[in-house]
Amino acid sequence: MTEKTVKAAIGGGRLDVFLSDMLPELTRSAAQKLLQSGGVTKNGAPVKKNYRVEAGDVFLVSLPEPEAAEISAQDIPLDVVYEDDDVIVVNKPRGMVVHPAPGHADGTLVNALMAHCGASLSGIGGVIRPGIVHRIDKDTSGLIIAAKNDFSHLSLSAQLKDHSLAREYEAVVCGRIKEDKGTVDAPIGRHPTDRKRQCVTEKNSRPAVTHYEVVARYNGYTHVRCRLETGRTHQIRVHMAHIGHPVLGDLVYGRKKPEKGLSGQCLHARCLVFTHPRTGGRMELSCPLPDYFTDVLSRLGPME
């Protein structure tokens, strides 16, 4: 058990959000579990999960020792873009789930990384496994970074929270975007009636900002480049749909019938920029557009 003391300089926010902001090794869900189990105390007493932080509050957070993950290592080929003793960056294919979940118990990126990385794994969050710092959707292709040890995981998690870990995507969206560039600044939260979806909402939401610029225009479609300032679930898909330009092939947030031969959204994480946890050097990695993406572009006809 590792204990950490955290003091609040200002108040007013939810405790789980405050703890996840102050401790890079804690996600909001992990903070909520700690609160439910009595792992966070104030003046020696467990703090309730609905507690609102007040200025000057001092919390003692008891972090459990990491346990072995109940995830099998599977020898699945990986397209490794960069790797050293601290981090690994993989070009994830479209159709691969990042982390095991109900309905996807194996064949995921984590299963593959468990086999590829061997004993060099992170234990952040209480479970020994590849340090998945951010995720991309099953049907989104492209770059994803994982930490191979706790030191790197803490550094990358902090970069994700302060927005110095930059992610750039390319997408084909429906409709013709008139302006050359723009920004969608709209909070995202869980959909009130469909728990599997997200939506733009002021209720129980978090700030979300997506910057976009036009790469090329076609008849009825636009090729765009998107840069995430925040990293909410389905952020690009939700934001582009919100402004009336859903991602092509996105049957959840966009048009309800497949188009251009797609079975999922045309969205690719092309570029990743971060500070190397060990060396402190700034790294910029990229990967080419995959075949499915270039095939879609070829079907859109001449550029306008």
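This note's numbering puts the first residue of the sequence shown at 59, with every later residue one more than the last.
Glycine included, C-beta positions come from ideal geometry on N, C-alpha and C.
As the structure is a prediction and not an experimental result, all values here were calculated from the model.
Collapsed DSSP secondary structure at residue i in the structure displayed
i: I235; result: coil
i: A170; result: helix
i: C324; result: coil
i: R357; result: helix
i: L214; result: helix
i: I134; result: coil
i: I246; result: strand
i: I301; result: coil
i: I194; result: coil
i: V296; result: helix
Distance CB(residue i)-CB(residue j) smaller than 7 angstroms
i: V282; j: V242; result: no
i: Q256; j: V296; result: yes
i: R328; j: G200; result: yes
i: V331; j: A229; result: no
i: R144; j: K206; result: Contrary to the premise, residue 144 reads as Asp rather than Arg in this sequence. The answer is yes: Cβ separation under 7 angstroms.
i: Y270; j: G240; result: yes
i: T60; j: L118; result: no
i: V64; j: M80; result: yes
i: D238; j: V272; result: yes
i: R234; j: R275; result: yes
i: R86; j: S95; result: no
i: L167; j: M154; result: yes
i: G359; j: N277; result: yes
i: I129; j: A204; result: no
i: H300; j: V258; result: yes
i: Q348; j: S210; result: Checking the displayed sequence, the identity of residue 348 turns out to be Pro instead of Gln. Against a cut-off of 7 angstroms, the Cβ pair of S210 and P348 comes out as no contact.
i: A103; j: D133; result: no
i: V111; j: L73; result: yes
i: V156; j: R193; result: yes
i: Y227; j: C284; result: yes
Counted within 10 angstroms of its Cβ, other Cβ atoms place residue i as buried (16 or more) or exposed
i: V138; result: exposed
i: N101; result: exposed
i: V105; result: buried
i: Q217; result: buried
i: T337; result: exposed
i: R152; result: buried
i: M298; result: buried
i: M361; result: exposed
i: P135; result: exposed
i: A89; result: buried
i: Q293; result: buried
i: N169; result: buried
i: I202; result: buried
i: V246; result: According to the sequence as given, residue 246 is Ile; it is not Val. Buried: at least 16 other Cβ atoms inside 10 Å.
i: A244; result: buried
i: T198; result: buried
i: V116; result: exposed
i: I68; result: exposed
i: K261; result: exposed
i: N108; result: exposed
i: K254; result: exposed
i: K150; result: buried
i: D308; result: buried
Residues bridged to residue i (per DSSP)
i: P104; result: T99
i: I149; result: Note that residue 149 corresponds to Asn in the displayed sequence, not to Ile. DSSP output for N149 lists L201 as bridge partner(s).
i: G240; result: Y270
i: T337; result: None; T337 has no bridge partner.
i: E112; result: Partner(s): none; E112 has no beta bridge.
i: S344; result: C329
i: H162; result: A159
i: C257; result: G247
i: T352; result: Note: T352 sits in no beta bridge, so no partner.
i: F117; result: V64
i: A89; result: BP columns for A89 are empty, so no partner.
i: C284; result: Y227, Y270
i: S263; result: G247
i: G189; result: A205
i: Y311; result: Paired residue(s): none; Y311 is not in a bridge.
i: R290; result: Answer is none; R290 lacks a bridge partner.
i: E141; result: I146
At least three beta-carbon pairs within less than 8 angstroms, the stretch 309 to 316 to the stretch 262 to 274: no
The stretch 138 to 152 touching the stretch 333 to 346, judged by at least three CB pairs closer than 8 angstroms: yes
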